[in-house]
Structures are given as C-alpha cells and as structure tokens.
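A.B. asks:
2 protein chains.
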Amino acid sequence: MSSSEPAWDLYRTFLAVLEEGSLSGAARALALTQPTIARHIDALEQAVGFALFTRSQRGLEATEAALALKPYAEALAATAAALVREASGQGEAVRGTVRVSASQIIGAEVLPPILAALRERYPQLEIELVLSNEIENLLRRDADVAVRMVQPMQEALVVQRIGTVALGLHAHRRYLDRHGAPQDIAALGAHSLIGYDRETPAIRAMRSRIPGFADVHFALRSDSDIAQLAAIRAGFGIGICQVAIAKRDPDLMQVLPGAFDLKLDTWIVMHENLRTTPRCRAVFDALVQGLKAHVD
Amino acid sequence: MSSSEPAWDLYRTFLAVLEEGSLSGAARALALTQPTIARHIDALEQAVGFALFTRSQRGLEATEAALALKPYAEALAATAAALVREASGQGEAVRGTVRVSASQIIGAEVLPPILAALRERYPQLEIELVLSNEIENLLRRDADVAVRMVQPMQEALVVQRIGTVALGLHAHRRYLDRHGAPQDIAALGAHSLIGYDRETPAIRAMRSRIPGFADVHFALRSDSDIAQLAAIRAGFGIGICQVAIAKRDPDLMQVLPGAFDLKLDTWIVMHENLRTTPRCRAVFDALVQGLKAHVD
DNA sequence: AAGAAATTATACAATTCCGTTTAGATGGGC
DNA sequence: GCCCATCTAAACGGAATTGTATAATTTCTT
Numbered sequence: 031m032s033s034s035e036p037a038w039d040l041y042r043t044f045l046a047v048l049e050e051g052s053l054s055g056a057a058r059a060l061a062l063t064q065p066t067i068a069r070h071i072d073a074l075e076q077a078v079g080f081a082l083f084t085r086s087q088r089g090l091e092a093t094e095a096a097l098a099l100k101p102y103a104e105a106l107a108a109t110a111a112a113l114v115r116e117a118s119g120q121g122e123a124v125r126g127t128v129r130v131s132a133s134q135i136i137g138a139e140v141l142p143p144i145l146a147a148l149r150e151r152y153p154q155l156e157i158e159l160v161l162s163n164e165i166e167n168l169l170r171r172d173a174d175v176a177v178r179m180v181q182p183m184q185e186a187l188v189v190q191r192i193g194t195v196a197l198g199l200h201a202h203r204r205y206l207d208r209h210g211a212p213q214d215i216a217a218l219g220a221h222s223l224i225g226y227d228r229e230t231p232a233i234r235a236m237r238s239r240i241p242g243f244a245d246v247h248f249a250l251r252s253d254s255d256i257a258q259l260a261a262i263r264a265g266f267g268i269g270i271c272q273v274a275i276a277k278r279d280p281d282l283m284q285v286l287p288g289a290f291d292l293k294l295d296t297w298i299v300m301h302e303n304l305r306t307t308p309r310c311r312a313v314f315d316a317l318v319q320g321l322k323a324h325v326d
Numbered sequence: 031m032s033s034s035e036p037a038w039d040l041y042r043t044f045l046a047v048l049e050e051g052s053l054s055g056a057a058r059a060l061a062l063t064q065p066t067i068a069r070h071i072d073a074l075e076q077a078v079g080f081a082l083f084t085r086s087q088r089g090l091e092a093t094e095a096a097l098a099l100k101p102y103a104e105a106l107a108a109t110a111a112a113l114v115r116e117a118s119g120q121g122e123a124v125r126g127t128v129r130v131s132a133s134q135i136i137g138a139e140v141l142p143p144i145l146a147a148l149r150e151r152y153p154q155l156e157i158e159l160v161l162s163n164e165i166e167n168l169l170r171r172d173a174d175v176a177v178r179m180v181q182p183m184q185e186a187l188v189v190q191r192i193g194t195v196a197l198g199l200h201a202h203r204r205y206l207d208r209h210g211a212p213q214d215i216a217a218l219g220a221h222s223l224i225g226y227d228r229e230t231p232a233i234r235a236m237r238s239r240i241p242g243f244a245d246v247h248f249a250l251r252s253d254s255d256i257a258q259l260a261a262i263r264a265g266f267g268i269g270i271c272q273v274a275i276a277k278r279d280p281d282l283m284q285v286l287p288g289a290f291d292l293k294l295d296t297w298i299v300m301h302e303n304l305r306t307t308p309r310c311r312a313v314f315d316a317l318v319q320g321l322k323a324h325v326d
C-alpha cells in the first residue's frame, strides 16, 4: 500500500485519456508522448489499486471506476484553468482572460457589440465566449461571468437583475406578403412554423402557458436558436425570437403581438470572489449596462 | 511567454509553501527536499510571470498575487483529496473514507456512538471527522457529509431534515445546591454564567431573541462549546447546552426551562453526486437515523 | 555578545523520468 | 484478400528532475 497520494499531474493525464479515448490521443493533446502517458496511467492505477482502463488495440475503454473519478478530474481541470486566468489578470489593470457564458442567441446577436466596445476600451482584455443553453457551473468556475435566463439559486454569487426580455412570434415581411398574417392563434396551423426539435422542460413549460399553442406542428425543427432565427430572417415562416432583436430589422414583423407574449427574466451572475478582480468586474459591469440597453 | 500551462504538481507545492510559510517547511510536509521546492516555486513564478513570494531568511512571505491564487490552490487540494477518497471506496461494498463535518458538540457528544455502531457494521469503513462551527463547503468537497444547524441553501445537495434540537440553560446539581436556582431571567445576573467570547452573528441573533438576555455578563467566556459544556459539568455555573445532552446526566439540571428555550433546526447534507456512493450513502443514512433518535 | 537553530541559495551526483525507436496487433478501406 | 492507418507494449539512451552536501545569512536564545 503506497501511502503517498498520487502526483497531481497524473490527474491531468488521466482526464486527457478519458476525453481522447486513447493513450496516443492524450499524448497529442498534452504535447507528450504515448509511452509517457502509458506510464502515467500505470502509475495512477498502481496508486488507486484498480484498473482504470481496459486496453485494446483501437484505444482504451474506461472502467466504471474511472468514470466515477471523472467528475473530480474535470473539477480539477476547471479550477486549474481558473487559476491560470486569475494569474493572467493580476494587477490593477483590466487585463487577462475572462470566460463569459451565455445562450446562443445572446452570444451571437447581443454580446458582440458590447464586447467589441469593451475590448476597445481595454485592449489587454481577452474574452472566452462559451455559448450554450446549459448553465455552466460558476462555483466550479467553468465560467467567470454568465448571462442567465433562469433565476440564480446558488449562494456565493454576485447577481444583478437586468429586466425582462420579451419573446414574440415573428416572420419576415416577404413571407407575410405571400401567405398573409394569421389573425389568431388557431390560424397558425395553416402556416410554416419554426420551433424546437427536442422538448426541454423549459420549452414544455412555455408551450403549456400559451393557450392553443400546446399541440401545433412545426414545419422546421431545430435545437439551435441561431438556426431558428436565421430561418425567420430567410422568410421560411413564423418563429419565436426576442422582440428586441427583431425590431432591429425593419423587415421582421411581429405576429399576433397581443396573443403571444412571453417574458424571460435576465440576470448577470458572477462568483463572489471575483468582485474585486478588475477584469471580471469590468466585464460584469459592461454586460449589465449593455444588456439593460438591449432590454429597453 | 511560455504558452504551456504549469504542471499541476507545482500548484501542490505552491499551496504547501503558502501553508507552511517556508520552503523547508513545505519540503517536510510533502516529503521532498528544500531545493526541489525552491525549483518548483521558481518554475511557477516563471510561468505566471510575477513574483509569488518575497524571500527572506526566516521564511517566505506571500505576495498579494500569491494570496489571490490561494483559493484556487485550496480548491485543487480539496478536489484531489475527494478524488482519493472516491478511489478508496470503489466497488459495491461500504469501504473507504468518508469525511464528516459537524459542530464540536455534535461531534464530541452525539456522533461517537453512532459512528461506532456504523464501524461495527462496516469494518472497512473509515471516518474523517471535521469538528468546526464553520460550515464546510460541500460543493468544493471539503467534506462528504455534514450535520448542519443552519438551513442549507446551496443547490446540488441532498438534504434531509432531522428536526429541532432544543437548547436550554443548565447547571450541575452541586452548583445549584450551593447557590440556589434563579427564579427568573433577571436573577441570572447574580450567578456564574458561562458563555461565548467573541460574538458571532448567530450568537448575536440568539441573544437578542431572549428578552433580558442581551446584556448579561459572562463569568467564563470560551468560544469552545466543548469547554462550556465541561464547565457546566464541573459545576462552574450556568450555561447553555442541548437539552438532550444534559438529560443523559442526572446531575445536570435545567434552569428556567420555560423562560429560555431555543431551538435549532438540524439537517444532514451531502453532495448530490455521492447519493449512489455506497459508503457515503451508508454514513448519511446512519446519521439521519442516529440524530433523529437523539432529537426525540 | 556569542552561539545555536532556523532559513535560503548553490554545486554536484544519482536517480528518475521522458522521448525515440521498434515490434506486435487490430480494424477499416480498396 | 491485402495493405495502410492506428493503436498498445517494450527496450534503450539522453535529458531533466531530484537528493545530498555545503555555504551564507538572519534570528532567537543563553
């Protein structure tokens, strides 16, 4: 029984093998060589006392035990990355890397000008933009600052409420010229509708809240909000998008503005410890200001 | 500018130097040698690009930048330790180490028989008992299972409410025989009272809730609940302790049972991911059962 | 005031670790 | 059915890391 705990480097190698699926792949990812990776895995297996992978010629397969350890290795990687970001931004100046998490639509349609102005002001600031509808774990520091459409529930977070983002049914003027505008929700069935592919809990809640909208059939289904918005702009049909975004394009018309109105509360969220970190503070404040302008 | 991120081992060395305060101390703690530690720190300073410590002959002093990185290094250590615990308990059997956090009183007076029975049942189970009135961060895995007297607010936790623990004023029969029992709260001023040294927010809230108790003077002040309980048992005077604990000793009498009654809600808390880990599940269930018996 | 006991810094030897190379095996593509 | 690509495993030489020993400096104690 080896009483000494494994070297932390081994965890990094372990995670790389898990993610790459082979010793050789991990070696490429870490800029090491395959024998080194093999030795690391051997050493880690020696230390924990059981097999982590079943070797085969087309790669390694993780054992159940290895999968049980994976979340810990991922947490280590997230923390190490956060440490590097923190180190890169030491000092009073706004410099270094800030990791921002937001939804696809916000990230593609709303954030770019805000971030551009921010970068103009702080040339040494670098931004990592994580676009995902999953909410990143801020406590584990998967991201530094996040734009959230659901109320933050965790402790130890700095939260600033922005306001409500209004959603609405929209279509391109060209589409409405050809097919006419529906006069009520019931008439939507005769139109080309754009919607989601897989139903998430949030979407299911939304559909049930709009009367008569529960069982419409979508002619174009995509889980990508970006693709939906692009389809609306291309005149495919009627879909849901943010009213504020649609208003920027005079050719996008809101459909049934009274019948369908949905509001999303919006927050900017940051880990409490980053409050005094200049670069994170700057990004946080810029997002608050920029998104408030977008909501109004 | 070195683009490659530092080796994770350097973080461990870094944390050890922060905690030990010297290269030599860190070398002892990690079972390495002082030149090795010095090289690690040099390498890390090289990687981050600024000084982490100011060298002196009586040790190293951390720079502000180093202190800013400390929480990240601590999180790494906590996660690495959790990974080792997880690895030690692989398999279906209840074996390995579980880290339990509780208050001093609970840990010293209530948990021992519960844990003893648990150990009797699972001889391969090992327990790390962290006794502190600070609440350990379960998300960072400073502990696996915790007994909490404040309502858990974090997400991603498995929470089981136990009930309310009653507190009351108590004294040893010997003390009351000599000095008599006070008939009302006002009469407490003439007695030897046992209480806290520094006022924490929780204590301040408690004092304000008991009328006439806000400005009593304590003859013996200690931040250690254990010491307070020991003083009560030794007949020093009147102090606060759990009614359930006092009842086990026929010589401990409750004072002013009607006027002073305070209740603490109690929960057992565990990280969600540990729900399916046999050893943590076993400890969690045993604590729930054992503490419910204590409350009743 | 002087010596003992810390500490960091430096030089050198030994060990460990890593990379290169090779062999062996498996799966996919023509 | 054969060949090529990809993988793991093993052997060996070199490089990097580590440990040992020592010097130099400061602080605390006697």
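Quick mapping for you: the protein sequence lines, in order, are chains S and H.
Residues 31 to 326, numbered by my numbering, are exactly what the first sequence covers, in order.
Residues 31 to 326, numbered by my numbering, are exactly what the second sequence covers, in order.
Where is the CB? At the ideal position from N, CA and C, for every residue including glycine.
Remember, it's a predicted structure, so these values are computed and weren't measured experimentally.
I'd like to confirm the pairing. Which residues does DSSP put opposite H202(S) in its beta bridges?
C.D. replies: For H202(S), which the question treats as bridged, DSSP gives the partners L282(S).
A.B. asks: In chain order, what residues of the same chain lie with their CB nearer than 8 Å to the CB of V325(H), ignoring the 5 residues before and after it?
C.D. replies: If we look at V325(H) and ignore the five residues flanking it on each side, its Cβ neighbours are I192, G193, T194, V195, A274 and T296.
A.B. asks: Examine the Cβ distances between the stretch 80 to 87 of chain H and the stretch 64 to 78 of chain S and report whether three or more of them are shorter than 8 Å.
C.D. replies: No, because fewer than three Cβ pairs between the stretch 80 to 87 of chain H and the stretch 64 to 78 of chain S fall closer than 8 Å, the two stretches do not touch.
A.B. asks: Rounded to whole angstroms, what's the CA-CA distance from D51(H) to P36(H)? Just pull it up for me.
C.D. replies: First, the residue type needs correcting, since residue 51(H) is Gly and not Asp in the sequence shown. Each residue's Cα considered, the two are about 22 Å apart.
A.B. asks: Please report whether the beta-carbon of T109(H) lies at a distance below 8 Å from any beta-carbon of chain S.
C.D. replies: It does: the Cβ of T109(H) has a partner Cβ on chain S nearer than 8 Å.
A.B. asks: Name, please, each residue of chain S whose Cβ falls closer than 9 Å to the Cβ of Q181(H).
C.D. replies: Per Cβ cutoff of 9 Å: no residues; Q181(H) is ~11 Å from chain S at best.
A.B. asks: Any beta carbon of chain S sitting closer than 8 Å to that of W38(H)?
C.D. replies: So, interface residue.
A.B. asks: I need the boundaries of the alpha helix (DSSP H) containing H324(H), first residue and last residue.
C.D. replies: Residues P308 to V325.
A.B. asks: With T109(H) as the anchor, note down where its alpha helix (DSSP H) starts and where it stops.
C.D. replies: Where T109(H) is concerned, the enclosing alpha helix (DSSP H) stretches over E94 to S118.
A.B. asks: Considering V47(H), what are the terminal residues of the alpha helix (DSSP H) in which it resides?
C.D. replies: Unbroken alpha helix (DSSP H) run through V47(H): W38 to E50.
A.B. asks: Taking the alpha carbon of A61(H) as the reference point, which residue from Q154(H), A46(H) and R115(H) has its own alpha carbon closest?
C.D. replies: Closest option to A61(H), Cα to Cα, is A46(H).
A.B. asks: Quick check: does the Cβ of F314(H) come within less than 7 Å of any heavy atom belonging to the ligand ZN?
C.D. replies: Questions concerning the ligand ZN fall outside what the structure shown contains, since it holds no ligand whatsoever.
A.B. asks: What does a CB cutoff of less than 6 Å around Q254(S) pick up in its chain, not counting 5 residues either side in sequence?
C.D. replies: Sequence inspection shows Ser at residue 254(S); the Gln mentioned does not correspond to that position. Cβ within range, chain order: n/a, list empty.
A.B. asks: Given that V130(S) touches chain H, what residues does it touch there, using C-beta distances under 9 Å?
C.D. replies: The contacting residues do not exist; V130(S) stays about 19 Å from chain H at best.
A.B. asks: On a Cα-Cα basis, can you pick out the residue from L187(H), I268(H), D207(H) and A264(H) that is closest to R305(H)?
C.D. replies: The option with the nearest alpha carbon to R305(H) is L187(H).
A.B. asks: Using a C-beta cutoff of 8 Å, does A123(S) count as contacting chain H?
C.D. replies: Judged by the 8 Å Cβ criterion, A123(S) is not in contact with chain H.
A.B. asks: Show which residues of chain H have a CB atom less than 8 Å away from the CB atom of N303(S).
C.D. replies: The answer, in chain order, is P101.
A.B. asks: So which residues of chain S does R42(H) contact, with C-beta pairs closer than 7 Å?
C.D. replies: Near R42(H) (Cβ distances below 7 Å), the residues of chain S are W38.
A.B. asks: Do you know whose CA, among E94(H), K100(H) and P212(H), lies nearest F44(H)'s CA?
C.D. replies: Selected option, being the one with the closest Cα: K100(H).
A.B. asks: Less than 8 Å between the C-beta atoms of T127(S) and S118(S), yes or no?
C.D. replies: Yes. Within cutoff.
A.B. asks: Any chance the stretch 220 to 235 of chain H sits against the stretch 247 to 264 of chain H, with 3 or more Cβ pairs inside 8 Å?
C.D. replies: Yes, the stretch 220 to 235 of chain H is in contact with the stretch 247 to 264 of chain H.
A.B. asks: Buried or exposed for G27(H), going by 16 or more other Cβ atoms inside 10 Å?
C.D. replies: Outside the modelled stretch of chain H, which goes from 31 to 326, sits residue 27(H), for which no answer is possible.
A.B. asks: Touch check for the stretch 94 to 114 of chain S and the stretch 167 to 184 of chain S: three-plus C-beta pairs under 8 Å?
C.D. replies: With a cut-off of 8 Å, the stretch 167 to 184 of chain S and the stretch 94 to 114 of chain S count as touching, because enough Cβ pairs lie within range.
A.B. asks: For the stretch 283 to 316 of chain H, which residues have a beta carbon sitting closer than 7 Å to at least one beta carbon of chain S?
C.D. replies: If the cut-off is 7 Å between Cβ atoms, the stretch 283 to 316 of chain H has N303 near chain S.
A.B. asks: Check M31(S) in the structure and name its three-state DSSP category.
C.D. replies: Any reading at M31(S) must be qualified, since the residue scores a pLDDT of 38, below 50, and its modelled position is unreliable; the value itself is stated next. Of the three classes helix, strand and coil, the one that applies to M31(S) here is coil, per DSSP.
A.B. asks: DSSP has K293(H) in a bridge; who is on the other side?
C.D. replies: A196(H), per the DSSP bridge assignment.
A.B. asks: Write down the C-beta distance between A176(S) and E166(S) rounded to the nearest angstrom, noting that I regard them as a contact closer than 8 Å.
C.D. replies: At roughly 6 Å, the Cβ-Cβ gap stays under 8 Å, so A176(S) and E166(S) are in contact.
A.B. asks: Excluding five sequence neighbours on each side, which residues of the same chain lie with their C-beta closer than 6 Å to the C-beta of V124(H)?
C.D. replies: Cβ neighbours of V124(H) beyond the five flanking positions: Y152, L155, P308, R309 and A312.
A.B. asks: For S33(S), which residues in the same chain have their Cβ closer than 6 Å to its Cβ, ignoring the five residues on either side in sequence?
C.D. replies: With a pLDDT of 47 at S33(S), under the threshold of 50, the modelled position of that residue is not reliable, and the figure given next carries that caveat. Within the same chain, S33(S) has no close Cβ partners at all.
A.B. asks: In terms of DSSP beta bridges, what is V177(H) paired with?
C.D. replies: Answer is I298(H), bridged to V177(H).
A.B. asks: Hey, R263(S) and H202(S): beta-carbon distance below 8 Å or not?
C.D. replies: Yes; because the gap between Cβ atoms is below 8 Å, this pair is in contact.
A.B. asks: Please check if any C-beta of chain S sits within less than 8 Å of the C-beta of F80(H).
C.D. replies: Chain S, which has a Cβ nearer than 8 Å to the Cβ of F80(H), makes this yes.
A.B. asks: Rank T93(H), A111(H) and A211(H) by C-alpha distance to the C-alpha of G265(H) and give the top, closest one.
C.D. replies: Closest option to G265(H), Cα to Cα, is A211(H).
A.B. asks: Does the beta carbon of L199(S) sit closer than 8 Å to a beta carbon anywhere in chain H?
C.D. replies: Not an interface residue.
A.B. asks: For the putative contact between I268(H) and L199(H), defined by C-beta atoms under 8 Å, what is the C-beta separation to the nearest angstrom?
C.D. replies: At roughly 6 Å, the Cβ-Cβ gap stays under 8 Å, so I268(H) and L199(H) are in contact.
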